[in-house]
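Taking our numbering, I'd label the letters of the sequence shown as residues 4 to 311.
We put the beta carbon where it would ideally sit given N, CA and C, even for glycine.
Here the structure is laid out as structure tokens; the discussion comes afterwards.
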Amino acid sequence: MLSTFRENGYTISAEAYRRIAYTALVSLWLIVLTGAAVRLTGSGLGCPDWPKCYGGVVAPGQLHAWIEYGNRLISGFVGLAAIAAGILAWRRRPFRWELALFGALLPLGVLAQIGLGALTVKNDLAPGFVMSHYVLSMLILDAAFALAWCSTYEPGERERSTDRLGVWAVRCLLPVGALTIAVGTAVTAAGPHAGGAGTGDVIKRLDFRGADTLSWLVYRHGTLAIIFLISVIAVTLLLMRPGGDRRAVRPLTVLIGLLIAQAALGIAQYNLAVPAELVWLHVLMATIVWLTMLWSVGRAGRLASRTA
């Protein structure tokens with residue numbers, strides 16, 4: 004059945020599909036930012052039910068309801084972009100299985116995100132659900148980036164790297180960055196922006212260490228961020244050694260600048276009592292940092308086969 008669907012009917016060029024893949028990537032990135040805005044404006048329970056809002060159409064004049072419901076509507080358009088990327092991967096010519104696989108992950112991820120979003124609302128924005136909501140968004144971004152990146156190059160177009168140490172060093176930065184961001188979600192979950200301030204709802208915060216939870220997490224998050232920054236600098240210098248493959252040096256250099264800016268922003272928001280505007284910028288920067296990390300891995304490339 005899959006082969007029949009792949010071979011018959013409408014087809015799309017590689018260039019046109021590349022534009023669709025990047026559109027899906029940008030859309031999925033933007034929905035992360037609008038979702039953060041919902042929480043930081045205190046509109047997380049602007050619509051206490053799901054998928055409707057107060058049992059039907061949003062009531063006039065309810066700002067926080069419109070903010071929450073508007074984010075849901077935007078999610079619908081993002082879902083359409085993800086579905087288009089998934090379906091049209093099968094219509095792309097020449098057909099490539101890896102694009103079909105990554106393309107299929109996008110609508111599946113969006114469906115999972117919708118379900119998780121519903122559970123998050125029904126559980127009154129419990130910290131674990133909110134954190135999972137963001138982590139899942141980043142995983143979907145991973146698939147979207149892989150789709151866009153793979154659609155940019157045809158198989159064999161990019162020369163494989165012989166710098167095994169350099170390529171693996173870049174790849175090893177991924178878990179360090181992922182852990183740093185994951186702990187960052189816990190910091191937000193312990194912070195003052197629970198998502199219910201605008202509607203007067205009291206939301207449970209992450210408080211496994213009582214009143215010291217936020218400061219404890221901030222310290223761990225900051226420590227991980229420093230480790231991540233030092234690791235990126237070390238890997239960049241490694242790639243610049245004689246005989247090293249320097250293709251990932253540019254994105255890693257950008258990443259160093261972003262991490263320094265992100266650190267300054269994090270310090271500022273903590274010292275200024277965590278204003279919502281700076282938290283939103285911190286989330287924005289976190290997504291850009293992660294995409295730049297993925298760009299670095301993509302630029303490092305795949306390894307050439309070992310010679311006998």
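So what's C50 in DSSP terms, helix, strand or just coil? In this structure, C50 counts as coil in the three-state DSSP scheme.
Using a threshold of 8 Å, state whether the C-beta atoms of M288 and G180 are closer than that. Using a Cβ distance threshold of 8 Å, M288 and G180 do not count as a contacting pair.
Assuming D145 is part of the alpha helix (DSSP H), what are its boundary residues? For D145, the uninterrupted alpha helix (DSSP H) segment begins and ends at P130 to T155.
Segment limits, alpha helix (DSSP H) that includes K125: First-last of the alpha helix (DSSP H) with K125: W100 to K125.
Hey, out of E71, R21 and R309, whose CA is closest to E157's CA? Comparing Cα positions, the closest option is R21.
Hey, would you say the C-beta of I143 is under 7 Å away from at least one heavy atom of the ligand COA? The model on display carries no ligand, and the ligand COA is accordingly not part of it.
Counting C-beta neighbours from all protein chains within 10 Å, is the total for S16 16 or more, i.e. buried, or is it exposed? It counts as exposed.
Given a cut-off of 8 Å on the beta-carbon distance, is the pair D127 and D248 in contact? Between D127 and D248, the C-beta gap is not smaller than 8 Å, which leaves the two residues out of contact.
Alpha helix (DSSP H) segments (min. 4 residues) lying fully within the region 247-286: Runs of the alpha helix (DSSP H) inside the region 247-286: 252-274.
If you measure between the beta carbons of W293 and L144, is that distance less than 8 Å? Yes, the pair counts as a contact, with Cβ atoms nearer than the cut-off.
Between V113 and G82, how many whole angstroms is the CB-CB distance? I'm expecting something under 8 Å. About 5 Å separates the two Cβ atoms, so the contact holds.
Excluding the five sequence neighbours on either side, which residues of its own chain have a C-beta within less than 8 Å of the C-beta of V41, listed in chain order? So the qualifying residues of the chain are G47, G49, I70, E71, N74 and G198.
Going by beta carbon distance, what residues of the same chain come within less than 8 Å of V124, once the five residues before and after it are set aside? Once the five neighbours on either side are set aside, the close Cβ partners of V124 are G47, L48, C50, P51, D52 and W53.
Roughly how many angstroms separate the alpha carbons of G304 and A271, rounded to a whole number? The alpha-carbon atoms of G304 and A271 are separated by roughly 36 Å.
Is it true that the region 186-194 meets the region 212-220, where meeting means three or more beta-carbon pairs spaced less than 8 Å apart? Proximity of the region 186-194 to the region 212-220 meets the contact definition, three or more beta-carbon pairs being nearer than 8 Å.
Using only the alpha-carbon positions, how far apart do A19 and A27 sit? Rounded to whole angstroms, the gap between the alpha carbons of A19 and A27 is 13 Å.
Suppose you measure from the CA of T191 to the CA of L268; what does that come to, to the nearest Å? Those two C-alpha atoms are separated by around 14 Å.
Return the chain-ordered list of same chain residues with a C-beta closer than 8 Å to the C-beta of G246, the five sequence neighbours on each side being excluded. Closer than 8 Å at the Cβ level, and outside the excluded window around G246, lie D166.
Starting from the C-beta of T183, find all residues in its chain whose C-beta is less than 6 Å away, skip the five residues before and the five after it, and write them out in chain order. So the list reads L227, A228 and F231, once near-sequence residues are dropped.
With the cut-off set at 8 Å, would you say R94 and L102 are in Cβ contact? Not closer than 8 Å, so no.
Tell me whether C56 is buried or exposed, calling it buried when 16 or more other Cβ atoms sit within 10 Å of its Cβ. Flag for C56 reads buried.
I need the boundaries of the alpha helix (DSSP H) containing G169, first residue and last residue. In this chain, the alpha helix (DSSP H) harbouring G169 covers R167 to A193.
What are the start and end residues of the alpha helix (DSSP H) that includes Y25? A17 to L43 is the extent of the alpha helix (DSSP H) around Y25.
Check this for me: beta carbons of S78 and I117, under 8 Å apart or not? Taking 8 Å as the cut-off, the Cβ atoms of S78 and I117 count as close.
Look at the alpha carbon of L76 and the alpha carbon of M141, and state the distance between them as a whole number of angstroms. Straight-line Cα distance between these residues: approximately 20 Å.
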